[in-house]
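Visitor: Dropping a structure here in structure tokens format, bear with me for questions.
Protein chains in written order, with my numbering: chain F, 1 to 205; chain B, 206 to 411.
Next comes the structure, spelled out in structure tokens:
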């Protein structure tokens with residue numbers, strides 16, 4: 001069994017080697033279990049601050065903060081909670097650009113995004129009324145260009161056909177253009193047909 | 206610059222009705238000033254039913270299981286929570302905790318950092334990009350307080366950061382117990398700084 005050691009070197013040293021202390025230093029130490037941690041601030045609370053602050057950053061700093069947020073989501077034990085926090089915090093902020101901010105962050109989260117979406121669908125949460133919620137998720141899927149993206153866009157079509165058409169444009173590959181062509185001719189909604197037609201034109205320019 | 210207290214949260218675990226603990230109710234009960242600016246941050250979005258709003262220096266978060274009042278400067282969040290519970294004395298509550306969050310850039314941290322035997326950051330780096338490294342302890346004290354200490358290093362932050370969160374947790378079953386516990390906010394805050402200085406050997410910047 002391994003042991004830990006106390007490093008008594010002077011506090012002005014800066015190497016990583018000084019990084020040890022041992023549980024025996026505590027007068028009483030015990031694993032008090034989950035119950036005694038019930039009043040710790042929720043893990044995502046500090047993360048919410050970071051997401052809120054992200055909206056106030058500009059330029060290079062913005063890229064740095066966005067990248068840090070994405071890393072936290074991906075590295076988390078509970079990425080679903082972190083994704084939900086990003087969506088909640090940004091969408092409720094009322095700030096201009098909040099949808100794009102959320103899309104940009106979520107699009108970079110890789111495989112955790114489809115998992116989150118499938119989990120959300122399985123739980124039957126995120127209702128039809130949450131238009132912005134689904135708009136953000138669908139657009140993020142398109143921007144992510146993940147292998148499962150087209151399948152997910154199709155799956156989420158009824159949640160927001162507008163977002164789905166934009167997501168296909170974001171993907172921009174041959175199969176997505178083909179799908180846009182089909183939408184431009186067969187979709188019952190004239191508005192969606194027109195959107196698809198415009199995007200096909202954009203993509204062919 | 207060394208480590209600084211950059212946020213405080215007081216958390217009450219129990220059963221709450223987020224529809225009651227709202228800015229108009231807080232104003233009506235005199236917990237916040239009438240006409241105080243309220244910035245609503247979260248309503249009911251997607252999966253979560255969490256009400257979040259800001260009044261003055263305080264950020265409120267209320268859901269069905271928890272009431273959290275936070276501040277990003279030194280402010281007595283516990284007394285604010287106590288005022289709410291005094292107005293709602295029959296709210297079923299189970300625990301009360303003050304949380305003190307300290308952080309600083311890794312380059313400025315002069316104290317101890319977590320390490321498992323001879324496994325430190327350098328060894329972890331051999332396996333890939335280290336996202337975070339942490340250490341936690343739960344200390345049961347004689348006065349029925351459990352101190353939960355969590356320390357984490359986030360090398361991928363820019364600049365790399367050290368964070369230490371200290372949670373002073375107390376079981377409470379009645380409003381009166383909570384009010385008494387809330388009065389120890391300042392004592393907890395000082396104890397958190399002392400613990401940081403004596404255990405982790407890092408001086409807290411005022």
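Glycine included, every Cβ here is placed at the ideal spot set by N, Cα and C.
Is it right to say residue 87(F) is buried, meaning 16 or more other beta carbons lie within 10 angstroms of its own, or is it exposed?
Guide: Here residue 87(F) corresponds to residue number 87 of the first chain, with the count starting at 1. Looking at its Cβ environment, which holds 16 or more other Cβ atoms inside 10 Å, residue 87(F) is buried.
Visitor: Taking the continuous alpha helix (DSSP H) assigned at residue 183(F), which residues delimit it?
Guide: In the first chain, residue 183(F) corresponds to position 183, counting from 1. Here the alpha helix (DSSP H) through residue 183(F) covers 174–186.
Visitor: For residue 390(B), report the span of its alpha helix (DSSP H) as first-last.
Guide: Your numbering for residue 390(B) matches position 185 in the second chain. Element bounds for residue 390(B): 390–403.
Visitor: Which residues in chain F have a C-beta closer than 7 Å to the C-beta of residue 388(B)? List them in chain order.
Guide: Numbered from its first residue, the second chain carries residue 388(B) at position 183. Chain F residues near residue 388(B): none, gap ~16 Å exceeds 7 Å.
Visitor: Roughly how many angstroms separate the alpha carbons of residue 132(F) and residue 91(F), rounded to a whole number?
Guide: Indexing the first chain from 1 puts residue 132(F) at position 132. Indexing the first chain from 1 puts residue 91(F) at position 91. Taking the straight line joining both Cα atoms gives about 7 Å.
Visitor: So with Cβ pairs under 7 Å, would you call residue 302(B) a contact of chain F?
Guide: The sequence position of residue 302(B) within the second chain is 97, counting from 1. By this cut-off, residue 302(B) is an interface position.
Visitor: Distance check for residue 57(F) and residue 95(F), CA to CA, integer angstroms please.
Guide: Here the question's residue 95(F) lines up with position 95 in the first chain. Here the question's residue 57(F) lines up with position 57 in the first chain. For residue 95(F) and residue 57(F), the distance between alpha carbons rounds to 13 Å.
Visitor: Any C-beta of chain B sitting closer than 7 Å to the C-beta of residue 37(F)?
Guide: As a first step, residue 37(F) is located in the first chain; it is residue number 37 there, counting from the start. Cβ-Cβ to chain B under 7 Å: yes for residue 37(F).
Visitor: Helix, strand or coil for residue 37(F), going by three-state DSSP, please let me know.
Guide: Counted from its first residue, the first chain places residue 37(F) at position 37. Residue 37(F): helix per DSSP, three-state reduction.
Visitor: Three-state secondary structure (DSSP) at residue 305(B)?
Guide: Counted from its first residue, the second chain places residue 305(B) at position 100. In the structure shown, residue 305(B) sits in a strand (DSSP, three-state: E or B).
Visitor: Does the distance from the CB of residue 401(B) to the CB of residue 407(B) come in under 7 Å?
Guide: Numbered from its first residue, the second chain carries residue 401(B) at position 196. Numbered from its first residue, the second chain carries residue 407(B) at position 202. Yes, the Cβ-Cβ distance between residue 401(B) and residue 407(B) is below 7 Å.
Visitor: Which residues of the segment 63–79 of chain F have a Cβ closer than 7 Å to any Cβ of chain B? Give them in chain order.
Guide: Taking 7 Å as the Cβ-Cβ cut-off against chain B, the residues of the segment 63–79 of chain F that qualify are 64, 68, 71 and 75.
Visitor: Pairs of beta-carbons, one from the segment 266–279 of chain B and one from the segment 97–113 of chain F, closer than 8 Å: are there three or more?
Guide: Cβ pair count under 8 Å is below three, so no.
Visitor: Distance check for residue 180(F) and residue 113(F), CA to CA, integer angstroms please.
Guide: Position 113 of the first chain holds residue 113(F). Position 180 of the first chain holds residue 180(F). Cα to Cα, residue 113(F) sits roughly 23 Å from residue 180(F).
Visitor: Within 7 Å (strictly less), CB to CB, does residue 55(F) reach chain B?
Guide: As a first step, residue 55(F) is located in the first chain; it is residue number 55 there, counting from the start. No, no contact with chain B.
Visitor: With a 10 Å radius around its C-beta and 16 neighbouring C-beta atoms as the bar for buried, classify residue 218(B) as buried or exposed.
Guide: Translated into the one-based positions of the second chain, residue 218(B) becomes position 13. It is buried - the Cβ of residue 218(B) has at least 16 other Cβ atoms within 10 Å.
Visitor: When burial is assigned at 16 or more other CB atoms within 10 Å of the CB, is residue 151(F) buried or exposed?
Guide: As a working mapping, residue 151(F) is identified with position 151 in the first chain. It is exposed - the Cβ of residue 151(F) has fewer than 16 other Cβ atoms within 10 Å.
Visitor: For residue 384(B), which residues of its own chain have a beta-carbon under 8 Å away from its beta-carbon, when the five flanking residues on both sides are left out?
Guide: Stepping through the second chain from its first residue, residue 384(B) is reached at position 179. Around residue 384(B): 287, 290 and 291.
Visitor: Please classify residue 410(B): does DSSP put it in a helix, a strand, or coil?
Guide: Residue mapping note: residue 410(B) aligns to position 205 of the second chain, counting from 1. Three-state result, residue 410(B): strand.
Visitor: Report yes if the CB atom of residue 213(B) is closer than 7 Å to the CB atom of residue 301(B), and no otherwise.
Guide: Along the second chain, one-based indexing puts residue 213(B) at 8. Along the second chain, one-based indexing puts residue 301(B) at 96. No, they are not a contact pair.
Visitor: My assumption, with CB atoms under 8 Å, is that residue 109(F) sits in contact with residue 73(F). Please give the rounded CB distance.
Guide: Along the first chain, one-based indexing puts residue 109(F) at 109. Along the first chain, one-based indexing puts residue 73(F) at 73. Indeed, because the Cβ distance is near 5 Å, the residues count as touching under 8 Å.
Visitor: What does a CB cutoff of less than 7 Å around residue 340(B) pick up in its chain, not counting 5 residues either side in sequence?
Guide: Counting from 1 along the second chain, the entry for residue 340(B) is found at position 135. Counting only Cβ-Cβ distances below 7 Å, and skipping sequence neighbours, we find 319 and 356.
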